[in-house]
Amino acid sequence: MSILIGRETRLAVQGITGREGEFHSTAMLEYGTNIVAGVTPGKGGQTALDGRVPVFDTVAEAVEQTGANASCIFVPAAFAPDAMLEASAARVPLVVCITEGIPALDMLRVYHVLRGAGTRLIGPNCPGLTSVDEAKVGIIPGDIHRRGSVGLVSRSGTLTYEVVQAMTDAGMGQTTCVGIGGDPVIGTTHIDALAAFQADPETEAVVMIGEIGGDAEERAAAFIRENVTKPVVGYVAGFTAPEGKTMGHAGAIVSGSSGTAQAKKEALEAASVRVGKTPSETARLMHQILAH
1147 MSILIGRETR LAVQGITGRE GEFHSTAMLE YGTNIVAGVT PGKGGQTALD GRVPVFDTVA
1207 EAVEQTGANA SCIFVPAAFA PDAMLEASAA RVPLVVCITE GIPALDMLRV YHVLRGAGTR
1267 LIGPNCPGLT SVDEAKVGII PGDIHRRGSV GLVSRSGTLT YEVVQAMTDA GMGQTTCVGI
1327 GGDPVIGTTH IDALAAFQAD PETEAVVMIG EIGGDAEERA AAFIRENVTK PVVGYVAGFT
1387 APEGKTMGHA GAIVSGSSGT AQAKKEALEA ASVRVGKTPS ETARLMHQIL AH
């Protein structure tokens, strides 16, 4: 069983005719994802990916004619908020936005509209997600995965790949890997993913990857303590980050002791989550848990 996406996913790609959209859509198609439509205003009636995917002017047309039930957005930051709103207005239940650089104020508006409409949003500024051997939506490399029993949720794209590769190298497979994004305003949180993994009978354990800034990991730790019975291994990036310096991700904002890697590690360990110091150590901790 997978969470959020699977063999039943019928994907529309917004921005499929752009460079990034075309490149990653090809990879998704090769992985086995059922891409049923592309959406580029003004290019309706054309095809993409060497004639394999029809292109529509609007998401509504794509949904009506192909039955698309998920959308992946490769649209520049200036237009991505409208792309998310358009997908939600077309009643697409799952929207995955890869785009980075969207202003937080724009995302506040989008967040409330999508939440009110019941649309599940992954991202923005995220790598997407993979349900192993079923479907991948986004930019996570397909060849690093191995089918297994570990779920993964991460704020960082690159660290998602590193930890998945380390687990695969150690002989551990995954159910679904979800990159939720590192911006201050995102759709799906650690808590949302943890709840889904807790409910998934095929997921036996969970890896949760966090990073400095905000309080998402502390809130996730409180949720784990009260609601998650499956073992969780954590990894928090940013122990060596210089104090008072703004780091890469828009969400990596540290104020005093709040939002530091140490504070997040202590909160997770207080919830009985073992925390690795490196991706490889995180994989080793999970291997020890599964071995017992």
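Take 1147 as the starting number for the sequence shown in our numbering and just add one per residue. Note that beta-carbon positions come from the ideal geometry of N, C-alpha and C, so glycine has one too.
Separation of Val1238 and Val1209 (C-alpha to C-alpha, rounded to the nearest whole angstrom) is 8 Å. A straight line joining the alpha-carbon of Gly1359 with that of Arg1420 spans about 20 Å. Taking a contact as a CB-CB distance under 8 Å, the pair Pro1222 and Asp1203 does not count as one, their CB atoms being some 18 Å apart. In this structure Leu1298 is in contact with Val1353, their Cβ atoms being roughly 5 Å apart against a cut-off of 8 Å. The alpha-carbon of Leu1195 is positioned some 12 Å away from that of Gly1161.
Nearest to Gly1164 by alpha-carbon distance, out of Arg1430, Val1201 and Gly1213, is Val1201. Ile1149 sits away from Ala1362, with the two beta carbons spaced by 9 Å or more. In this structure, the beta-carbon distance from Leu1157 to Val1283 falls below 9 Å. In the structure shown, Arg1255 falls within a helical segment according to DSSP collapsed to helix, strand and coil. Between the segment 1230 to 1246 and the segment 1257 to 1265 there are three or more C-beta pairs closer than 8 Å, enough to call the two in contact. Each residue's CA atom was taken as its position, placing Ser1171 and Pro1347 some 30 Å apart. Setting aside the 5 residues that flank it on each side, Glu1308 is surrounded in the same chain by Pro1425, each with a C-beta closer than 7 Å to its C-beta; the list follows chain order. Measuring C-alpha to C-alpha distances from Phe1220 to each of Ser1234, Glu1168, Thr1179 and Tyr1257 identifies Glu1168 as the nearest. Counted as a single uninterrupted DSSP element, the beta strand (DSSP E) harbouring Ile1355 occupies residues Ala1351 to Glu1357. Within the same chain, Arg1153, Thr1155, Arg1156, Leu1157 and Ala1281 come within 8 Å of Asn1180 by CB-CB distance, once the 5 residues on both sides are set aside. Between Ile1290 and Gln1311, the CB-CB gap stays under 9 Å.
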